[in-house]
Ligand SMILES: [Zn+2]
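Residue numbers (my numbering): 1446 to 1777.
Structure below.
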């Protein structure tokens, strides 16, 4: 993982803060529970004194039956659990509530870095700390179907209403999340401005982040800025290395979201780099989600045939239509 020592320390400090918060949170819950259920304090005392006596025994005797201690501890733990239950407290009330249960907020899982650590690197490298805040507001639990009219278009009575369509779209996206990463599917969300494409991308990003995947969210202009600096960086070694690291994550993260494709300044270089990026991720079996105002016809016109072909054949098309939600929000 090539990040600078300074970046590494910054992330480690965040992990220190997390562990501290978890510890304080646990201590506060223990205090509260012991006030509510005095018997808990007594059980905790028995657990502590049993451990001390066995430790002493193990120093004075050659063989000590630690199985006995385990049985005793288990019985006391069950007793605690039933006391919690009787007082309407959850069974894990007296256990630490880690940010990441996999690594217990150490950043290390097994013989390498935990998935949460990799996401922390991504968020630092691409200044994505805004993402978490945005995803707290924009996710499936805040998704509002009411913005989509349930009225047929008289010119196209065979077409689903915007409401029926978005219901189906959300269902397909949820199935995509459920199968992630095994299906290695890619998504192309398209539709006019203001129909909720970015909101839907955020919903997907939130679910996949919560599952512990690495997600990078970039607008098309941001993505191409990184690619350009990677290709043409004549800067010092350090800046070059940083561009290389960023590029590596772009090609390798579990989900890359390219928001608003078509808003970048387009030329043949951009087009070839876009192909390189989506093709490379395709070969590595990593999912990419692209949102755009462009129709398939416009994609064919604005980009190369091979990009069109890749998107047409290997991306799940998700069309959203309806009124401009931004205008609706003002009017409602
Ligand atoms: Zn972790």
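Backbone N, C-alpha and C define an ideal beta-carbon position, used for all residues, glycine too.
- For residue 1706, the closest of 1727, 1695, 1666 by C-alpha to C-alpha distance is 1666.
- The three-state reading of DSSP puts residue 1541 in coil, since its state is none of H, G, I, E or B.
- Out of 1603, 1734, 1600, 1525, the CA that lies nearest to the CA of residue 1538 is found in 1525.
- Contact between the segment 1713-1726 and the segment 1575-1593 is not established, with fewer than three Cβ pairs separated by less than 8 Å.
- Taking the Cβ of residue 1559 as the reference point, at least one heavy atom of ligand 1 falls within a distance shorter than 8 Å.
- Shown here for residue 1740: same chain residues with a beta carbon closer than 7 Å to its own, the five before and five after excluded, namely 1635 in chain order.
- In the DSSP assignment, residue 1662 is bridged to 1702.
- Taken atom to atom, the span from the alpha-carbon of residue 1454 to that of residue 1767 is near 47 Å.
- The beta carbons of residue 1671 and residue 1691 sit closer together than 9 Å.
- By the neighbour-count criterion, in which 16 or more other beta carbons inside 10 Å mark a residue as buried, residue 1505 falls on the exposed side.
- Within 8 Å of the C-beta of residue 1547 there is at least one heavy atom belonging to ligand 1.
- Distance from residue 1521 to residue 1560 at the Cβ level is roughly 35 Å; contact not present, criterion being Cβ atoms closer than 8 Å.
- Excluding its 5 nearest sequence neighbours in each direction, residue 1732 has C-beta neighbours in its own chain below 8 Å: 1625, 1626, 1629, 1630, 1631, 1632, 1699, 1700, 1701, 1726, listed in chain order.
- In this structure, residue 1719 sits away from residue 1677, with a CB-CB distance that is not shorter than 9 Å.
- Between the segment 1545-1562 and the segment 1587-1600 there are fewer than three C-beta pairs closer than 8 Å, too few to call the two in contact.
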